[in-house]
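Please read the structure below before turning to the comments.
Numbering (the numbering used here), first residue to last: 28 to 357.
And the structure:
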């Protein structure tokens, strides 16, 4: 982003979240919340603040890579974002839009209420036994289980059953009664292990389930979904995330491809759906929409407030950062 801003004659000043929270913001034409990344100290601070906001006991220190105390984390994240946002006026994405996107369940409910296609939700769940009963009652054999406040495949389990046979795909592992993220998707088929995964995830914070929408096949093998960057309401950069399994996040070693194989009707459906999502978040100028696109239409599987980080991906010769720099410096 700094290089794109510099090419337009501007200057980018980066502040960490804690400094921005504790001090006055410097004068600027625009302000932008950026992805916090993997910052253990920042996560611990947000989690502690969140526990105070929720009147809960101080949580223990989270181990590196552990999925833990997500409700407290989100409460602290929300407290800090709102406090910082109150110090300035011109935000690329306002705090409320970011928070609505980060709350995955709330985001999907908002989109569904607006008539935008999303995987049907099965509501919040608190245990494997509860989830198994709900799947049996609804006749649903393929679902995704997700941490309500997770990101980057953290706390996401793809679960399917056929009779007494179960299979779970997750970029994580239970160790010592704790759930840890991994950089490799693992497969589990023992009901005891799957129950431990679900129960440990539920113990980490709010969890919900949604029906599994099958992803289409990619020409190079595997299945794919689309990440589309939306800038000021218009779909711009896009990339196909291709995987041999149900979890397509690129940081897990999955491949990315330019989706040149999409039919014109599929491209139109993806672009229209992304634009429709933007209408539900008028306070967000830039975000990423993750879509499943088929000949039958497009479904929104997630919306990412920090989803503009598509390196070396351009649309009409411009990257997502180029688009933002031209707008902010224009």
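Each residue gets a CB set at the ideal place from its N, CA and C atoms; glycine is no exception.
Under the DSSP assignment, residue 341 falls outside any beta strand (DSSP E); it carries neither an H nor an E label. Annotation for residue 235: the continuous beta strand (DSSP E) segment containing it runs 234-238. Counting along the chain, the unbroken alpha helix (DSSP H) around residue 229 starts and ends at 218-230. Here the alpha carbon of residue 167 sits roughly 27 Å from the alpha carbon of residue 98. Separation of residue 237 and residue 186 (C-alpha to C-alpha, rounded to the nearest whole angstrom) is 10 Å. Note on geometry: alpha-carbon atoms of residue 169 and residue 163 lie some 11 Å from one another.
Residue 84 and residue 74 have their C-alpha atoms spaced approximately 11 Å apart. In this structure, residue 279 keeps its C-beta atom at 8 Å or more from the C-beta atom of residue 330. Under the Cβ criterion (8 Å, minimum of three pairs), the stretch 253-261 counts as touching the stretch 308-319. For residue 284, the enclosing beta strand (DSSP E) starts and ends at 282-284. Between the alpha carbons of residue 261 and residue 218 lies a gap of roughly 45 Å. The shortest CA-to-CA distance from residue 156 to any of 216, 226 and 193 is the one to 226.
In the DSSP annotation of this structure, the continuous segment of the beta strand (DSSP E) that includes residue 184 starts and ends at 183-189. Judged by DSSP in its simplified three-state form, residue 156 adopts helix. Between the stretch 143-159 and the stretch 334-352 there are fewer than three inter-stretch CB-CB distances shorter than 8 Å, so the stretches are not counted as touching.
Annotation: the continuous alpha helix (DSSP H) that includes residue 77 extends over 67-80. Each residue's CA atom was taken as its position, placing residue 141 and residue 203 some 43 Å apart. Comparing alpha-carbon positions, the option among 88, 40 and 175 lying closest to residue 102 turns out to be 175.
Taking C-alpha positions only, residue 263 is separated from residue 257 by approximately 6 Å. The three-state reading of DSSP puts residue 143 in coil, since its state is none of H, G, I, E or B. Rounded to the nearest whole angstrom, the C-alpha separation of residue 244 and residue 285 is 14 Å. For residue 262, the uninterrupted beta strand (DSSP E) segment begins and ends at 261-270. A Cβ-Cβ distance of about 6 Å is found for the pair residue 117 and residue 58, placing them in contact under the 8 Å criterion.
The three-state secondary structure of residue 242, taken from DSSP, is coil. The secondary-structure analysis by DSSP pairs residue 200 across a beta bridge with 207. Here DSSP, grouped into helix, strand and coil, assigns residue 274 to coil.
Residue 292 is not bridged by DSSP to any residue.
Residue 274 is a Cβ neighbour of residue 196, given a cutoff of 8 Å. At a Cβ-Cβ threshold of 8 Å, residue 125 and residue 47 do not count as neighbours. If you draw a straight line from the Cα of residue 172 to the Cα of residue 158, it comes to about 9 Å. Under the three-state reduction of DSSP output, residue 119 falls in the coil class, being neither helix nor strand.
Look at residue 213 here: in three-state DSSP terms it is strand. Straight-line spacing of the CA atoms in residue 62 and residue 119 works out to 13 Å.
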